[in-house]
Amino acid sequence: MAVSSTTTVAEKEQQEKKVDADFFHIDMIPGAMDKMDWHVAAKLMRHWFSIKPAFAFDIASKDQAVNGDPHNLPPSEINVDIVKMSWALQFEQVKNGIDALKKTWCSPNGKKLLIERLLNIGDYSKESISIGYSNDIVNLDSTAQVNFKSIGSKLDTINAWYGAMGNSTLKVCVRGKTKKIDGRDAFIVESLGFYLKDTYDFVDEGIKPEPLGIWSKDRILDKKESAIYIYSYTQGLFGWLARHYSGFVPVFNSDFRRWQEKHGSGGDYIILSDVYWTNPLPLDEVVYL
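So for the sequence shown, the working numbering puts the first residue at 33; every next one is plus one.
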């Protein structure tokens, strides 16, 4: 005997909401990134998923990893291969950051750190000391980095930079050597090296969960679309969402933490880019110590 049944609008909307949510899984995000030509972002996230066993920074360990000596981190917590400055220089955040940091790197704090770096090697008043001649970014970050600038904002346009790096740290290292000039100790700057250092993590640092965008297997919603989606979601218009934004789901840091708990894989890590070398400004070619 066939039994017919009716479904209320509320029940239908709840079913549509469930189907919509079940349709998407966070390991589909790298594929969506590739479809959007966000290839660097896709590589970074695939690398996160590939790390076994699962590893997560907390606020304290994240801060230590970003600001500490990368030699103190195990290789599994550092990636130096994915982010290239040739890619990063496409974006205004990086170009403007380099322009600004090139003018301010030799601030009192920058000069102080330069002197510390030199003294870690030897007494520059008695011998010529060279730094920055390595091609190893881990070594450069540890021994020749002298200043930094925070770049990027959550208010930035959602694009390939936003998806890969978002808020990041632009650092500058120096290449050169000390010498005596008229009896004074000086550092002769041969080149300035700019690079990116950041964490790839899913740490919630605020009271509220951090949203990572509204994703489907094909793309992320832009900010205008996201505002419409969020308004409709908070108003309980799940049927409307299912019709207009089928397959889209809000993603949060906590979704990646649940993935780690379920699969035992996925690991937070430090990103170090390669180095973009350039000449210093004429007034910074000689730094008196």
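Don't be surprised by glycine CBs; every beta carbon is placed ideally from N, CA and C.
Relative to Tyr-320, the option among Ser-248, Ser-264, Lys-209 whose CA is nearest is Lys-209. In chain order, Asp-101, Pro-102, His-103 place their CB closer than 7 Å to the CB of Ser-174, counting only its own chain and leaving out the 5 sequence neighbours on each side.
Considering only Ser-108, Ser-93, Leu-202, the residue with the shortest C-alpha distance to Glu-237 is Ser-93.
When the Cα atoms are used, Phe-288 and Pro-314 turn out to be separated by approximately 48 Å. A direct Cα-Cα distance of roughly 28 Å separates Glu-222 from Gly-184. The Cβ-Cβ distance between Leu-228 and Ser-139 does not fall below 8 Å. One thing to note: Ile-110 has its Cβ within 8 Å of the Cβ of Ile-302. Taken through DSSP and simplified to helix, strand or coil, Trp-70 comes out as coil. Its Cα nearest to that of Lys-143, the residue Phe-219 stands out among Arg-78, Phe-219, Met-77. If you keep only unbroken alpha helix (DSSP H) runs of at least 4 residues inside the region 83-163, you get 91-99, 117-120, 124-136, 140-153.
With respect to the C-alpha of Trp-137, the residue from Gln-177, Asn-99, Lys-84 having the closest C-alpha is Gln-177. Judged by DSSP in its simplified three-state form, Gln-267 adopts coil rather than helix or strand. The distance from the Cβ of Leu-253 to that of Cys-205 is about 38 Å, inconsistent with a contact at the 8 Å cut-off. Its chain contains Lys-84, Ala-86 as the residues whose beta carbon lies nearer than 6 Å to that of Ser-297, once the 5 sequence neighbours on both sides are disregarded; these appear in chain order. Contact between the region 242-260 and the region 67-78 is present: 3 or more CB-CB pairs across the two stretches fall below 8 Å.
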